[in-house]
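Inspection log for the structure reproduced underneath, given as structure tokens.
Structure follows, in structure tokens:
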């Protein structure tokens, strides 16, 4: 079955450093991967999407890479700030059906220390 | 973008009762999705709700336990029936616009 996994449950870094989060997938080749941010008591918020034919995507301090050989996506937050502290989820659509059906990784809790 | 509201935001319910969660979207959408997020876990899709047809449930979820209504293009309800403590979770509704998914704030359900 399709699996999407985030290696780290938690990541602690100092303010100003780059946070790097990992998302691995097995048993399938996703057409794209998505990254979301979730704050406590809130629903996930869409951040970035990267397609299988794209190596890298950027948005302000965020960067996502997609390595289909390694079956891995990396999510980077540069010049991290305490306000970046949240749970970050990677996700992909289930099977080949509608784009709204997503399967999520278990999430990585990022804490940025001042 | 889409703005999604849910009611109630939280509730504490007794075992064996049912709770209906409402989801309202500020624009018309074809498909709405219901997810569950158990404590400390990630999101799991419960079902897809299309207007005018029966909801499609994912493996492990059944209509008798989680009946869904979709009376129009901006509204849906999810009922959690005959609740047990294992149903304690956050329930989120979601809509998709192209590839982006938008989520409601969630309903935090505690079953005692």
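Residue numbers (my numbering), protein chains in the order written: chain A, 38 to 151; chain B, 194 to 305.
Beta carbons are placed, not taken as given, at the ideal position from N, Cα and C, and that holds for glycine.
Exercise. Among the residues of its own chain, which have a CB less than 7 Å from the CB of residue 122 of chain A, if the five just before and after it don't count?
Worked result: Closer than 7 Å at Cβ, skipping near neighbours: 147, 148, 149.
Problem set entry | Residues that residue 235 of chain B contacts on chain A, provided the C-beta gap is smaller than 7 Å | Within chain A, 126, 141, 142, 143, 144 have C-beta atoms less than 7 Å from the C-beta of residue 235 of chain B, given in sequence order.
Exercise. Closest by CA to residue 229 of chain B, which one among A:57, A:81, A:113?
Worked result: Measuring from the Cα of residue 229 of chain B, the nearest candidate turns out to be A:81.
Problem set entry | residue 107 of chain A versus A:51, A:151, A:66, residue with shortest Cα-Cα distance | Nearest C-alpha to residue 107 of chain A: A:66.
Exercise. Residue 112 of chain A: which of A:138, A:89, A:85 sits nearest, CA to CA?
Worked result: Put simply, of A:138, A:89, A:85 the residue whose alpha carbon is nearest the alpha carbon of residue 112 of chain A is A:85.
Exercise. In angstroms, rounded to a whole number, what distance separates the CA positions of residue 96 of chain A and residue 198 of chain B?
Worked result: Taking the straight line from one Cα to the other gives about 27 Å.
For this session: With residue 302 of chain B as the anchor, note down where its beta strand (DSSP E) starts and where it stops.
Result: Element bounds for residue 302 of chain B: 300–304.
Problem set entry | Cβ-based burial, residue 74 of chain A [other Cβ within 10 Å; buried from 16] | Buried, by the Cβ-count rule.
For this session: Can you pull the chain A residues whose beta carbon is under 8 Å from the beta carbon of residue 292 of chain B, in chain order?
Result: The contacting residues are 69, 71, 86, 136.
For this session: Figure out for me which residue from B:294, B:290, B:208, B:286 has the closest Cα to the Cα of residue 201 of chain B.
Result: Comparing Cα positions, the closest option is B:286.
Exercise. Quick one: any contact between the region 270–287 of chain B and the region 251–259 of chain B, if contact means 3 or more CB pairs under 8 Å?
Worked result: In short, these stretches touch, since the Cβ pair count reaches three.
Problem set entry | Cβ separation of residue 204 of chain B and residue 302 of chain B, assumed to be a contact under 8 Å, to the nearest whole Å | Confirmed, about 6 Å.
Exercise. My guess is that residue 127 of chain A and residue 71 of chain A are in contact by the Cβ rule of under 8 Å, so how many angstroms apart are they, rounded?
Worked result: Rounded, the Cβ-Cβ distance is 7 Å, consistent with contact.
Exercise. When DSSP builds the beta bridges, which residues end up paired with residue 74 of chain A?
Worked result: Residue pairing of residue 74 of chain A in beta bridges, as defined by DSSP: A:82, A:125.
Exercise. Do the CB positions of residue 235 of chain B and residue 83 of chain A come within less than 8 Å of each other?
Worked result: Cβ atoms of residue 235 of chain B and residue 83 of chain A: not closer than 8 Å.
Exercise. Closest by CA to residue 207 of chain B, which one among B:224, B:217, B:280?
Worked result: From the listed residues B:224, B:217, B:280, the smallest Cα separation to residue 207 of chain B is found for B:280.
Problem set entry | Through-space distance from residue 61 of chain A to residue 109 of chain A, alpha-carbon basis | Going by the C-alpha atoms only, they are around 4 Å apart.
For this session: From the DSSP output, in three-state form, read off residue 264 of chain B for me.
Result: Residue 264 of chain B carries a strand assignment under DSSP once its states are collapsed to helix, strand and coil.
Problem set entry | Cβ neighbour criterion (16 or more within 10 Å) applied to residue 129 of chain A | Around the Cβ of residue 129 of chain A, a 10 Å sphere holds 16 or more other Cβ atoms; the residue is buried.
For this session: Spell out whether any CB of chain B is found under 8 Å from the CB atom of residue 80 of chain A.
Result: Cβ-Cβ to chain B under 8 Å: yes for residue 80 of chain A.
Exercise. Helix, strand or coil: how does DSSP classify residue 47 of chain A here?
Worked result: Collapsing the DSSP output to three states places residue 47 of chain A in a strand.
Exercise. Short check: CB of residue 215 of chain B to CB of residue 139 of chain A, under 8 Å?
Worked result: With a cutoff of 8 Å on beta-carbon distance, residue 215 of chain B and residue 139 of chain A are scored as not near each other.
Exercise. Can you name the residues of chain C whose CB is closer than 7 Å to the CB of residue 298 of chain B?
Worked result: In the structure shown, chain C cannot be found, because the protein chains are A and B.
For this session: Mind checking the region 103–116 of chain A against chain B and listing, in chain order, the residues whose C-beta falls within less than 7 Å of any C-beta there?
Result: Cβ contacts with chain B come from no residue of the region 103–116 of chain A.
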